[in-house]
Amino acid sequence: MSGSTQWSSGYRQPENLKDYAQFHGVTLVGYSVLLAGAYTRSPEDLPVQFAGPDADACWAALQSVAAETGYTMNQVIFAWMRQSSPVLLPIIAGSSIAQLQENINALRLTLSDDQMKQLDSASAPGSRREHVASDDSS
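577 is the number of the first residue of the sequence shown in the working numbering; add one for each residue after it.
Below, the structure written as structure tokens:
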């Protein structure tokens, strides 16, 4: 069973939704996870409903992790969702083959525990958000 919800670093559902889904074995599917391409533009172009100090902190964290890993901010968001607990499955799309390839290449990225903590704390200060520890043995 699955349930879909709008989810992105700029718009997150309450943590109790994730707790409920995990307890009842429901997989969460996120839509609008890339905010209609906002992460490919400048932070000033973030839609007004997602703008503000929290968005600025999250943007900076996404940019920092993207620079550390050599991946795009979009790819970092996909990896972040995949490594979250419970896992949040993004609905992905692309208007070009290059965009689809970028999305698929995000599967190669494994964020470190420190990177997950950096993203978690920037996107939801004070949250109880947990993540799946990375497996460095592969």
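C-beta atoms are modelled at their ideal positions from N, C-alpha and C, and glycine is treated no differently.
When you measure from the CB of residue i to every non-hydrogen atom of the ligand PLP, does any distance come out below 8 Å?
| i | result |
| --- | --- |
| cysteine 634 | Absence of the ligand PLP from the depicted structure is noted, as is the absence of any ligand whatsoever, leaving it without description. |
Which residue marks the beginning of the beta strand (DSSP E) containing residue i, and which one marks its end?
| i | result |
| --- | --- |
| proline 666 | 664 to 666 |
Answer with buried or exposed for residue i, where buried requires no fewer than 16 other C-beta atoms within 10 angstroms of its C-beta.
| i | result |
| --- | --- |
| methionine 577 | The pLDDT assigned to methionine 577 is 46, lower than 50, so where the model puts this residue is not dependable; a value taken from the coordinates is nonetheless given after this. Methionine 577 should be labelled exposed. |
| alanine 682 | buried |
| alanine 597 | buried |
| glycine 702 | Only weak support exists for where glycine 702 lies, its pLDDT of 41 falling under 50; the coordinates are left without a value. |
| valine 624 | exposed |
| alanine 614 | buried |
| serine 660 | buried |
| alanine 636 | exposed |
| asparagine 650 | buried |
Does the distance from the C-beta atom of residue i to that of residue j stay below 9 Å?
| i | j | result |
| --- | --- | --- |
| isoleucine 667 | phenylalanine 654 | no |
| leucine 695 | leucine 685 | no |
| glycine 606 | leucine 676 | no |
| serine 697 | aspartate 630 | no |
| threonine 616 | threonine 645 | no |
Using a C-beta cutoff of 9 Å, does residue i count as contacting chain C?
| i | result |
| --- | --- |
| tyrosine 607 | Absence of chain C from the displayed structure is noted, only one protein chain being present. |
According to DSSP, is residue i helix, strand or coil?
| i | result |
| --- | --- |
| leucine 687 | coil |
| arginine 705 | Confidence in arginine 705 is poor, its pLDDT being 37 and thus under 50, which makes the residue's placement unreliable; the coordinate value appears in the next sentence. Of the three classes helix, strand and coil, the one that applies to arginine 705 here is coil, per DSSP. |
Runs of alpha helix (DSSP H) wholly within the region 591 to 672 (minimum 4 residues, chain order) | 591 to 600, 629 to 645, 649 to 659
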